[in-house]
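Student: Per UniProt numbering, the very first residue in the sequence shown carries number 1; after that it's consecutive.
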Amino acid sequence: MKEYSSICQSCAMPFMKDEDHGTEQDGRLSDLYCRYCYQNGEFTDKDSTVEKMAELGAGMISQMYGMPIEKARVFMTSQIKTLKRWSGRIIPSCQSCGMPLFSPEDAGTEKDGTPSSLYCLHCYQHGAFTEPDLTQEEMVKKCAPFLVGQFEMPLEKAEEMSKIYTSTLSRWK
Ligand SMILES: [Zn+2]
Ligand SMILES: [Zn+2]
1 MKEYSSICQS CAMPFMKDED HGTEQDGRLS DLYCRYCYQN GEFTDKDSTV
51 EKMAELGAGM ISQMYGMPIE KARVFMTSQI KTLKRWSGRI IPSCQSCGMP
101 LFSPEDAGTE KDGTPSSLYC LHCYQHGAFT EPDLTQEEMV KKCAPFLVGQ
151 FEMPLEKAEE MSKIYTSTLS RWK
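#1: Is residue 162 near ligand 2 - that is, is its Cβ less than 7 Å away from at least one heavy atom of it?
#2: Helix, strand or coil, according to DSSP, for residue 102 in the structure here?
#3: If you follow the alpha helix (DSSP H) that residue 167 is part of, which residue opens it and which one closes it?
#4: If you reduce the DSSP assignment to three classes, tell me which class residue 42 lands in.
#5: Following the continuous beta strand (DSSP E) through residue 108, name the residue where it begins and the one where it ends.
#6: From residue 169 to residue 118, what distance separates their C-alpha atoms?
#7: To the nearest angstrom, how far is the alpha carbon of residue 27 from that of residue 153?
#8: Can you name, in chain order, every residue of its own chain whose Cβ lies under 6 Å from the Cβ of residue 159, other than the five neighbours on each side?
#9: Based on the DSSP output, what are the partners of residue 147 in its beta bridges?
#10: Does residue 116 come out as helix, strand or coil in the three-state DSSP assignment?
#11: Following a CB-centred definition, is residue 179 positioned closer than 7 Å to any heavy atom of ligand 1?
#12: When you compare each of 172, 24 and 59 to residue 44 by their alpha carbons, which one comes out closest?
#13: Please classify residue 90: does DSSP put it in a helix, a strand, or coil?
#14: Which of the three DSSP states is assigned to residue 134 in this structure?
#15: Would you call the region 40-56 and the region 69-83 in contact, with 3 or more CB pairs under 8 Å?
Structure, rendered in structure tokens:
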């Protein structure tokens, strides 16, 4: 099975374009890792740790989105430790709202009752979206206040961040 991810599975950077991807030994683009983390089939920083990665990401996020640095650290650590490089497996995220699907109970259901491989239980039930007319814009408006409450960032920055993350999800492509 081909593994696929919409964010780098080492540092959590969202893939927005082809150039964001790292390269394999044979020059192909990596499906899993970004160009900062992975070049020619190898990690650029082999001694990196979740903590080191989170520290780097936190600095960036707190600057870009006005998140207090200690909140940014919590945010990045929770993101990064679930990634394949660190957890050993890809934890899929809901392709509608971005929520990580840790277990089958988090997944929505298909018409025949089997768990959806793409969407969470809040977004998708019995083979259909719970809110079929929802737009990406409305999804951003739903997610942003949660980020504000959790990570003490300004609402407009939270909307900006949700917009970038939701843009990588297949429902909104
Ligand atoms: Zn990366
Ligand atoms: Zn969802």
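Note that CB positions come from ideal geometry on N, CA and C, so glycine has one too.
Tutor: So, from the listed chains and residues:
#1: no
#2: coil
#3: 155-167
#4: strand
#5: 107-109
#6: 10 Å
#7: 39 Å
#8: 140 and 144
#9: Answer is none; residue 147 lacks a bridge partner.
#10: strand
#11: Because the chain spans 1 through 173 in this model, residue 179 falls outside it and cannot be assessed.
#12: 24
#13: coil
#14: Of the three classes helix, strand and coil, the one that applies to residue 134 here is coil, per DSSP.
#15: yes
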